[in-house]
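Chains F and X are the protein sequences, given in the same order.
Just so we're aligned, residue 1 is where the first sequence starts under this note's numbering, counting upward by one.
Just so we're aligned, residue 125 is where the second sequence starts under this note's numbering, counting upward by one.
A virtual CB, placed ideally from N, CA and C, is assigned to each residue, including glycine.
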Amino acid sequence: MPLDKPYLDVPGTTIFDADQSRKGYWLNQFCMSLMKPENRERFKKDERAYLDEWAMTEEQKQAVLARDLNRCIQLGGNIYFLAKIGATDGKSFQQMAGSMTGMSEEEYRNMMIGGGRDPRWGRS
Amino acid sequence: MARITASVFTSHVPAIGAALDLGKTAEPYWQPLFAGYEKSKQWIRDNPPDVVFLVFNDHATAFSLDMIPTFAIGCAAEFPVADEGWGPRPVPKVTGHPELAAHIAQSVIQQDFDLTLVNKMDVDHGLTVPLSLMYGQPAAWPCPVIPFHTNVVQYPVPSGRRCLALGQAIRRAVESFDQDLKVQIWGTGGMSHQLQGPRAGLINKEFDNAFLDRLIADPKAQAAVPHIDYVREAGSEGIELVMWLIARGAMGDLAGGPPPRLAHRFYHVPASNTAVGHLILEEQT
């Protein structure tokens, strides 16, 4: 019997379920490691070398290096884990979320001040 | 006998903590939000609990993908403030209530809810931001706190119906503890919340306010709302709202008593990427 996954057609959204979690295990565990200041320093000093210590796929490593959060999420990342990369970079959560929308930082901030994204966005 | 005296519901957006810690509360962006909690700070001075039972979700802080408990109760004597990637928040450490926590764990598991017992846990903004909103910036938190984690990060997450029933079980557990304690139960997180993907920044004021209306007046109907409705209407992280149903389930009307009294209601957009919602419900005696 197929599992109940009614969320696959929500526009612009990837739900972090048990399948995504399995795909993103090492990517997300790498993110968790950035909660220690010494690991943040090591990552900042040589990102590639630090990433190579983790059993992530090359695609996942490239997505992290490019700070392409949408790609990271497709590859199993979860936003609460990925937020540790943004924190290491000194970015606010708003800057991180905005970076996934294709809007400039200012456009995104203004949209939020104006009441946020219309809930009908992307619906057919 | 211990008793539930009130429930408090609030968002726990990390940027709110940052605004407090960096002294930005009077800035035009933040002022309307903090103004909405002025009444709450007075209310809690007038109605101080002996213990706060605080329902929140860990945000990839204490629980990595190594282990993801659906429900976890903090039984430790102390909970350090977590480093979420930018250093720990400059707030007091959280003192637990191991005796009451162990009692609740025993009782709730015997009522068929599978809790994970946690004896070592750093607590993140999900727990500390609500304390800051209600208590401001004291040198020490005024009472012990029992942290109660609910998984809303990795789907599937527990249903609204199960969360409401869990709240009812927690109330029975509290009432069977033989010390005379006033316990408040807080449900935190939520309101319109889409933090990821091209749809980030979704805000649905109608959905949020209908949720608040029903949480107050008809929690059983709200508990029957399926997850997918939260996801479609309030964003992928809007599912955090199910945690409010745990706190609501602990109120006396669901155990045959009178309906709670609404002491305060507040709603504001935006805080960073999300809406902010807040309620205080008091038990009628």
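Interface with chain X (8 angstroms Cβ-Cβ cutoff): F:L51 is excluded. In this structure, the beta-carbon distance from X:A324 to F:A97 falls below 8 angstroms. In the same chain as X:A196, and ignoring 5 residues on each side of it, the C-beta atoms closer than 6 angstroms to its own belong to T240, V242 and H273, in chain order.
Membership of X:H273 in the beta strand (DSSP E) is indicated by the continuous run V269 to T274. For the pair F:L8 and F:E105, the Cα-to-Cα distance works out to about 28 angstroms. Here X:M125 is exposed. Its C-beta has fewer than 16 other C-beta atoms within 10 Å. DSSP lists X:R127 as the beta-bridge partner residues of X:K306.
Contact annotation: X:G401 and X:G314 have beta-carbon atoms nearer than 8 angstroms.
Nearest to X:T194 by C-alpha distance, out of X:S164, X:C287 and X:H227, is X:C287. Annotated as distal: X:V175 and X:I294, with beta-carbon spacing of 8 angstroms or more.
For the segment 187-213 of chain X, the set of residues with a beta-carbon nearer than 9 angstroms to any beta-carbon of chain F comprises S188, L189, D190, I192, A206, D207, E208, G209, W210 and G211, in chain order. Secondary structure of F:R117 (DSSP, three-state): strand. Interface flag for X:S256 against chain F is unset, since no Cβ pair is found closer than 8 angstroms. Taking C-beta atoms as the reference points, F:M112 and X:P173 fail to come closer than 8 angstroms. Spanning the alpha carbons of F:M35 and X:D170 requires a straight line of approximately 38 angstroms.
What X:P343 touches in chain F, judged by beta-carbon distance under 7 angstroms, is nothing: the nearest beta carbon there is about 23 angstroms away. Following the DSSP letters along the chain, one finds X:Y391 inside the beta strand (DSSP E) bounded by residues R385 to A395. Under the Cβ criterion of 8 angstroms, F:V10 is counted among the residues facing chain X. Closest in alpha carbon position to X:C267, among X:F177, X:R356 and X:A150, is X:F177. In this structure, the CA atom of X:Y161 is about 7 angstroms from the CA atom of X:L257. With respect to the 8 angstroms criterion, X:Q292 and X:A374 are classified as neighbours on the basis of their beta carbons. The residues A293, R296 and A297, in chain order, have a CB closer than 8 angstroms to that of X:Q235 in the same chain once the five nearest residues on each side in sequence are set aside. Proximity to F:V64 across F:S92, F:K5 and F:G24 peaks at F:G24, based on C-alpha coordinates. By the CB criterion at 8 angstroms, X:T312 and X:H183 fall outside the cutoff.
Residues of chain X whose Cβ lies closer than 8 angstroms to the Cβ of F:K84 are, in chain order, A184, E208 and G209. Beta-bridge pairing by DSSP links X:E407 to no other residue.
Rounded to the nearest whole angstrom, the C-alpha separation of X:E299 and X:E357 is 36 angstroms. Only those residues of the segment 367-398 of chain X whose C-beta falls short of 7 angstroms from the nearest C-beta of chain F are listed: V393, P394, S396 and N397. F:A66 counts as exposed, since fewer than 16 other beta carbons sit within 10 angstroms of its beta carbon. The bridge partners DSSP lists for X:A196 are X:T240 and X:H273.
Approximately 7 angstroms separates the beta-carbon atoms of F:A18 and X:Q278; this is inside 8 angstroms, confirming the contact. In this structure, the alpha-carbon of X:P282 lies about 26 angstroms from that of X:F390. Contacts between X:E364 and chain F, judged by CB atoms closer than 7 angstroms, are missing: the closest CB pair is about 11 angstroms apart. Note: F:G122 is not bridge-paired with any residue in the DSSP secondary-structure output. The bridge partners DSSP lists for X:E202 are X:T219. Following the DSSP letters along the chain, one finds X:F177 inside the beta strand (DSSP E) bounded by residues V175 to F180.
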